[in-house]
Amino acid sequence: MTAVVDPPRPGQAAVAAPSRPVTRNRRRSNRREALLFGALILPNLAAILVFSYYPTIYNVVLSFMDWDMVAAAPEWIGLANYQDLFTSDDFYTVLGNTAIFTGVAVVGSLAGGLAIGQLLSQRLKFSGFTRTMAFAPHMLPGAAVGILWLFMFDPTYGLSRWFFGLFGLTSPSWTTTSDWSIWAITIAYTWQRLGFVAIIYYTAIQDLPRDVYEAAELDGARGFGLFWSITRPLLSPVTFFLTVTGIISAAQAFDIIATLTGGGPGNSSATLTWMVYEEAFQRFDVGTSAAAATVLFLVLLGVTIVQTRTAGRQVHYS
Amino acid sequence: MSLDVRPLPTASSAVADAALSADVPTTAPPRRVRRPLAVRLALYVLLALTLTVFVLPLVWLFTSAVKPEHDIYVYPLQWIPTALELANFSDAWTAAPFDRFFLNSLITTVSGTTLEVGLAVLSAYAFAFVRFRWKTPLFLLMLGSMMLPGHVTLLVNYITVGNLGWLNTYLGIVLPGIGSAFAMFLIYQQMRRVSDEVVDAAKLDGAGHLRRMWSVVIPMSRPMILTGTLIVMFAKWNDYVWPLIVTSTVDMRTLPIGLMFLRSQEGYTNWGAIMAGTVMVALPMLLIFFVAQRRIIGGLAAGATKG
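One line per chain: the protein sequences are A and B, in this order.
Its first residue numbered 1, the first sequence is counted upward by one per residue in the numbering used here.
Its first residue numbered 1001, the second sequence is counted upward by one per residue in the numbering used here.
As structure tokens, then:
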């Protein structure tokens, strides 16, 4: 391609001269390839630019505006939206809810998923069936999961009454009292994610190098010691991946919250994601919603950056 | 180090054991030894417990959907329905326009999945086989979109779709979701493994790019395209927040949102009908999952453990 502009070096001149028409053909074919390339990726690229990149950027712009979606044009108000957010108690409640929901869901599904993944790899009968059933909730619509748990949480006719009854206790009013609502959405969400995490762990455990185990057993490691000193560290890249993607998806969980509690009572189960929706589409306060979305974006961006930074330095044993 | 010889009841294995016992404890159990009964029992109890955690809510869902009213509003709980009450389904169907919800979900899922996977295949082929100087930055730009949280784009996409006049239309539900990075990446990785010899042979036979894509590369990448299609399809069918925002009339709602509508129609109390509606929303996906679980789990697990 660059053969034409390169000064011919000795010994190459003989080759370069007759190749001239070939080069022209080549260049034409390059242009054709480039055009084809453009045509093939253009629809996808355009959709990504218009519906992913542009809205993320313009959302930041809107966070400096005041707009109700009715007035002709948004009005520039600088940092006022952020000032309002960070001086309101409600916003800190929402941040706290988001932290509880995300933290408990991620840690809970990791701990439970690792234990279940380990159990599933013990070559027991029915473990194939259990794997299928554990993964199934992950494929269900979040709205269906939310409605199902709404009924299960019903303190009079739901499973919750039976479950608490086993211990001689009375079921709390999960979704209608502000002390419990955050736990209702956290439990339902964790249940849906738990099986997914377990199966990912199970798959990773199947891929672990056998010889490391055999060597460790020779060294006298077994049972829980074997799990703790060999399996757990070998799985650390998977754990890390599941932590990061877990935070990203939990922080954006919406359908379970919408169907179970609607962020309420009050804002006792409102997360940042719920707030973004509520401010924009129920209160029509575009600026506040955009500012909350920007906070969400920056937090998740931070998580992603940590991931890409750390991914390169991960421990690999094989 | 291989311990294959150890379980064999031969003289040589006894020698091997003796040789090993010099520097390691001889109690190290061979891998395939049968566990003590107590341990096996404990493991099966744990497995049963695990299964219960996942299955009990689903059993509750499916049985409640066919329970007559006096089986639902009773305590202690009536686990097994005393009669099969299929009227719950017709109740749900008449309380909310489920035929419209099904139609809307079907139209948006099928068209959205076709478009997204189509665009994913085209761009995956371009990145894998077509020469272009700025390929790498463009690839990173497209993959980078996976880092943008979808929830942050809602507000502006709503405004964009409104400006285009697509609010409360199928176009508005479908188009913002057709850009594809995950499915493209999945398919790209498989396409890269199509052997050059096969593609070059087709090239020598005079087949242009489109011909090579259609009759060589796509057939050879079919497993991953199918996996990608399934994963995309589940996401579209289950999608909640975008169709909720972009549609405003009952006849444009999709099934997951219809479920919330049903719940408000039933005054939040007719659990039999509400569970019947939930079954209608969840069952199609459950059935597809049971049939194609290997492919779906494989695709999602590959993204997690090898990505």
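Just so you know, even glycine gets a beta-carbon here, dropped at the ideal spot from N, CA and C.
These figures come from a predicted structure and were not determined experimentally.
Residues of the stretch 1119 to 1134 of chain B with Cβ closer than 8 Å to any Cβ of chain A, in chain order: Taking 8 Å as the upper bound on Cβ-Cβ separation, chain A lies near residues L1119, A1120, L1122, S1123, Y1125, A1126, F1127, V1130, R1131, F1132 and R1133 of the stretch 1119 to 1134 of chain B.
Looking at the unbroken alpha helix (DSSP H) that takes in A:K125, where does it start and where does it end? As a first step, residue 125 of chain A must be located in the first sequence, where it is residue number 125. Segment: none, A:K125 is in no alpha helix (DSSP H) and carries neither H nor E.
Run through DSSP, which three-state label would A:M65 get? Your numbering for residue 65 of chain A matches position 65 in the first sequence. A:M65: strand per DSSP, three-state reduction.
Any idea if B:K1236 is buried or exposed, counting beta-carbon neighbours within 10 angstroms, 16 or more meaning buried? Residue numbering aside, residue 1236 of chain B sits at position 236 when the second sequence is read from its first letter. Buried, by the Cβ-count rule.
What residue range is occupied by the uninterrupted alpha helix (DSSP H) comprising A:P237? Locating residue 237 of chain A in the first sequence gives position 237, where the first residue counts as 1. S236 to A251 is the extent of the alpha helix (DSSP H) around A:P237.
Which whole-angstrom value is the C-beta distance of B:Y1240 and A:F254, which I expect to be below 8 Å? Residue 1240 of chain B sits at position 240 when you count from the first residue of the second sequence. Residue 254 of chain A sits at position 254 when you count from the first residue of the first sequence. B:Y1240 to A:F254, Cβ: 6 Å. Contact.
Burial state of B:D1200 (16 or more Cβ within 10 Å): Taking the second sequence and counting its residues from 1, one reaches residue 1200 of chain B at position 200. Counting Cβ neighbours within 10 Å, B:D1200 comes out exposed, since fewer than 16 surround it.
Between A:F240 and B:G1206, what straight-line distance do the alpha-carbon atoms span, to the nearest angstrom? Along the first sequence, one-based indexing puts residue 240 of chain A at 240. Along the second sequence, one-based indexing puts residue 1206 of chain B at 206. C-alpha separation (whole angstroms): 48 Å.
Within this structure, are the beta carbons of A:T271 and A:V106 separated by less than 9 Å? Position 271 of the first sequence, counted from the first residue, corresponds to residue 271 of chain A. Position 106 of the first sequence, counted from the first residue, corresponds to residue 106 of chain A. Result no, Cβ atoms of A:T271 and A:V106 do not sit closer than 9 Å.
Buried or exposed (CB count within 10 angstroms, at least 16 for buried), A:K125: What you label residue 125 of chain A is simply residue 125 of the first sequence in a count that begins at 1. Counting Cβ neighbours within 10 Å, A:K125 comes out exposed, since fewer than 16 surround it.
Would you mind stating whether B:I1218 and B:L1186 have Cβ atoms separated by less than 9 Å? By one-based count along the second sequence, residue 1218 of chain B stands at place 218. By one-based count along the second sequence, residue 1186 of chain B stands at place 186. No, the Cβ-Cβ distance between B:I1218 and B:L1186 is not below 9 Å.
Against chain B, with Cβ distances strictly below 9 Å, would A:F196 count as a contact? Within the first sequence, residue 196 of chain A is the residue found at index 196, counting from 1. A:F196 counts as touching chain B.
Please report how far the alpha carbon of A:A293 lies from the alpha carbon of A:D84, in whole angstroms. Start at 1 with the first residue of the first sequence, and residue 293 of chain A comes out as number 293. Start at 1 with the first residue of the first sequence, and residue 84 of chain A comes out as number 84. Approximately 14 Å, taken between the alpha carbons.
Counting only Cβ pairs nearer than 9 Å, list the residues of chain A close to B:A1092. Counting from 1 along the second sequence, the entry for residue 1092 of chain B is found at position 92. Neighbours of B:A1092 on chain A: none; closest Cβ ~12 Å, over 9 Å.
Which residues, in chain order, does the stretch 235 to 248 of chain A contribute to contact with chain B at a C-beta distance below 9 Å? Closer than 9 Å at the C-beta level to chain B, one finds these residues of the stretch 235 to 248 of chain A: P237, V238, F241, L242, T245 and I248.
Grouping DSSP H, G and I as helix and E and B as strand, with all else coil, what is A:W191? If you number the first sequence from 1, residue 191 of chain A lands on position 191. Here A:W191 sits in helix by DSSP.
Indicate whether at least one CB of chain B lies closer than 9 Å to the CB of A:G302. Locating residue 302 of chain A in the first sequence gives position 302, counting from the first residue. Not an interface residue.
Going by C-alpha distance, which of B:A1087, B:Y1158, B:P1036 and B:A1065 is nearest B:L1244? Taking the second sequence and counting its residues from 1, the one referred to as residue 1244 of chain B is at position 244. For the residues B:A1087, B:Y1158, B:P1036 and B:A1065, the minimum Cα distance to B:L1244 belongs to B:Y1158.
Between the C-alpha atoms of A:I147 and B:M1275, what's the straight-line distance to the nearest angstrom? Numbered from its first residue, the first sequence carries residue 147 of chain A at position 147. Numbered from its first residue, the second sequence carries residue 1275 of chain B at position 275. Near 8 Å, if we compare the C-alpha coordinates of B:M1275 and A:I147.
Interface partners of A:D255 on chain B, CB under 9 Å: Locating residue 255 of chain A in the first sequence gives position 255, counting from the first residue. Within chain B, the residues N1238, D1239, Y1240, V1241, L1244 and P1256 have their CB atoms less than 9 Å from the CB of A:D255, given in chain order.
From A:V145 to A:Y58, what does the alpha carbon distance come to, in whole angstroms? Stepping through the first sequence from its first residue, residue 145 of chain A is reached at position 145. Stepping through the first sequence from its first residue, residue 58 of chain A is reached at position 58. Each residue's Cα considered, the two are about 33 Å apart.
Need the endpoints of the alpha helix (DSSP H) that B:K1135 sits in, please. Here residue 1135 of chain B is taken as the residue at index 135 of the second sequence, counted from 1. Here the alpha helix (DSSP H) through B:K1135 covers K1135 to G1144.
For the pair the stretch 225 to 243 of chain A and the stretch 194 to 212 of chain A, tell me if three or more CB-CB distances fall below 8 Å. Between the stretch 225 to 243 of chain A and the stretch 194 to 212 of chain A, the count of C-beta pairs closer than 8 Å reaches three or more; the two stretches touch.
Check whether the stretch 74 to 93 of chain A touches the stretch 160 to 172 of chain A, taking contact to mean three or more Cβ pairs, one atom from each stretch, closer than 8 Å. Counting Cβ pairs under 8 Å, fewer than three are found: no touch.
Under 9 Å, do B:E1085 and B:P1068 count as touching if we go by C-beta distance? As a first step, residue 1085 of chain B is located in the second sequence; it is residue number 85 there, counting from the start. As a first step, residue 1068 of chain B is located in the second sequence; it is residue number 68 there, counting from the start. Contact flag set, yes.
Nearest residue (CA-CA) to A:F227, options A:Q122, A:R26 and A:T87: Numbered from its first residue, the first sequence carries residue 227 of chain A at position 227. Nearest neighbour of A:F227 by Cα position, chosen from A:Q122, A:R26 and A:T87, turns out to be A:Q122.
According to DSSP, is A:E279 part of a helix, a strand, or is it coil? Looking up residue 279 of chain A in the first sequence gives position 279. Correct three-state label for A:E279: helix.
Just list the residues that DSSP pairs A:W76 with in beta bridges. The sequence position of residue 76 of chain A within the first sequence is 76, counting from 1. Partner(s): A:M65.
To which residues of the same chain is A:G113 closer than 7 Å at the C-beta, ignoring the five residues directly before and after it? Residue mapping note: residue 113 of chain A aligns to position 113 of the first sequence, counting from 1. Around A:G113: L194, V197, A198 and Y201.
Please list the partners that B:M1285 has in chain A, where partner means a Cβ-to-Cβ separation under 8 Å. What you label residue 1285 of chain B is simply residue 285 of the second sequence in a count that begins at 1. In chain order: M139, L140 and P141.
Determine, for A:I77, whether the minimum Cβ-Cβ distance to residues of chain B falls below 9 Å. The residue given as residue 77 of chain A occupies position 77 in the first sequence. No, A:I77 does not count as interfacial toward chain B.
Taking only beta-carbon positions, decide if A:W180 is within less than 9 Å of chain B. Position 180 of the first sequence holds residue 180 of chain A. Output row for A:W180: interface = no.
Could you list which residues in chain A have their beta carbon closer than 8 Å to that of B:V1055, in chain order? Translated into the one-based positions of the second sequence, residue 1055 of chain B becomes position 55. Neighbours of B:V1055 on chain A, chain order: M133.
Between the C-alpha atoms of A:M133 and B:V1053, what's the straight-line distance to the nearest angstrom? For this step, residue 133 of chain A is matched to residue 133 along the first sequence. For this step, residue 1053 of chain B is matched to residue 53 along the second sequence. If I take the Cα positions, the gap works out to 10 Å.
Where are the alpha helix (DSSP H) runs, 4 residues long or more, that stay fully inside the stretch 108 to 172 of chain A, in chain order? 127 to 139, 142 to 152 and 159 to 166
Reducing DSSP to helix, strand and coil, say where A:Q307 ends up. Here residue 307 of chain A refers to the residue found at position 307 when the first sequence is read from its first residue. Looking at A:Q307 - three-state DSSP - the assignment turns out to be helix.
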